[in-house]
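Undergrad:
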């Protein structure tokens, strides 16, 4: 009986970018990572897709994914040049935190606004994790202006 080696794929292999919807916003950022208890920032090219999905890549070619993930149900805030994205965690009630540092405060404001806009119109992960469906009321509410 011969042993067959398992098929190995790269850890960061992800679906093609077309699978994540329309590209809404993109730019160079620095993502915070924790290494042996200390925080360091690593340059990444970030792309926000309509699904909503945040793609992080080594450069603008978007050929090599680095830590990309769904941001469905997430909220974003900014403090100066740092954008913090709180992403619902399906395994816990504690949200995952993604921190991106931009080159300007205006860029951080733009990232936070775009993320909140795309995530406010998408479904949260699941009602049993405390998501009440308020997003649906928000997304379907009339926003007409009376003159």
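In the UniProt record's numbering, the protein residues as written are 1 to 147.
Just so you know, even glycine gets a beta-carbon here, dropped at the ideal spot from N, CA and C.
1) Do you know whose CA, among 102, 96, 113 and 47, lies nearest residue 30's CA?
2) CA-CA distance, residue 27 and residue 61?
3) Taking the alpha-carbon of residue 95 as reference, which of 36, 70 and 38 has the nearest alpha-carbon?
4) First and last residue of the alpha helix (DSSP H) that includes residue 118?
5) Looking at C-alpha atoms only, which residue of 115, 56 and 50 is the closest neighbour of residue 78?
6) How big is the Cα-Cα spacing for residue 126 and residue 90?
7) What is the rounded straight-line gap between the Cα of residue 76 and the Cα of residue 85?
8) Using a 10 Å radius around the Cβ and a threshold of 16 neighbouring Cβ atoms, would you call residue 39 buried or exposed?
9) So residue 46 is in the beta strand (DSSP E); what residue range does that whole segment cover?
10) Tell me which residue opens and which closes the beta strand (DSSP E) that residue 75 is part of.
11) Can the beta-carbon of residue 88 be found less than 8 Å from the beta-carbon of residue 74?
12) Buried or exposed: where does residue 80 fall if 16 or more other Cβ atoms within 10 Å of its Cβ makes it buried?
13) Find the nearest neighbour of residue 44 within the set 52, 33, 37 and 51, judged by alpha-carbon distance.
14) For the putative contact between residue 118 and residue 56, defined by C-beta atoms under 8 Å, what is the C-beta separation to the nearest angstrom?
TA: Judging by the given coordinates:
1) Counting from 1 along the chain shown, the entry for residue 30 is found at position 30. Distances from the CA of residue 30 to each of 102, 96, 113 and 47 were compared; the closest alpha carbon is that of 102.
2) Here residue 27 refers to the residue found at position 27 when the chain shown is read from its first residue. Here residue 61 refers to the residue found at position 61 when the chain shown is read from its first residue. Cα-Cα distance, rounded: 11 Å.
3) The residue labelled residue 95 in the question sits at position 95 within the chain shown. With distances taken between Cα atoms, residue 95 lies closest to 70.
4) Along the chain shown, read from residue 1 onward, the residue named residue 118 stands at position 118. Residues 105 to 120.
5) On the chain shown, residue 78 is found 78 positions in, with the first residue counted as 1. Of all alpha-carbon atoms in 115, 56 and 50, the one lying nearest the alpha-carbon of residue 78 is that of 115.
6) In the chain shown, residue 126 corresponds to position 126, counting from 1. In the chain shown, residue 90 corresponds to position 90, counting from 1. Below a pLDDT of 50, predicted positions are generally treated as unreliable, and residue 126, at 43, falls in that range; no measurement from the model is reported.
7) Indexing the chain shown from 1 puts residue 76 at position 76. Indexing the chain shown from 1 puts residue 85 at position 85. Take the alpha-carbon of residue 76 and the one of residue 85: they are about 4 Å apart.
8) Locating residue 39 in the chain shown gives position 39, counting from the first residue. Under a 10 Å Cβ-count criterion, residue 39 is classified as exposed, with fewer than 16 other Cβ atoms of the shown protein chains found around its own Cβ.
9) On the chain shown, position 46 is the one that residue 46 refers to. In this chain, the beta strand (DSSP E) harbouring residue 46 covers 38 to 49.
10) On the chain shown, position 75 is the one that residue 75 refers to. Counted as a single uninterrupted DSSP element, the beta strand (DSSP E) harbouring residue 75 occupies residues 75 to 79.
11) As a first step, residue 88 is located in the chain shown; it is residue number 88 there, counting from the start. As a first step, residue 74 is located in the chain shown; it is residue number 74 there, counting from the start. Contact check for residue 88 against residue 74 passes: the beta carbons are separated by less than 8 Å.
12) If you number the chain shown from 1, residue 80 lands on position 80. Using a 10 angstroms sphere on the CB of residue 80, the tally of other CB atoms stays under 16, which defines it as exposed.
13) Along the chain shown, one-based indexing puts residue 44 at 44. Looking at 52, 33, 37 and 51, the one whose alpha-carbon comes closest to that of residue 44 is 33.
14) In the chain shown, counting from the first residue as 1, residue 118 sits at position 118. In the chain shown, counting from the first residue as 1, residue 56 sits at position 56. In fact, because the Cβ distance is near 16 Å, the residues do not count as touching under 8 Å.
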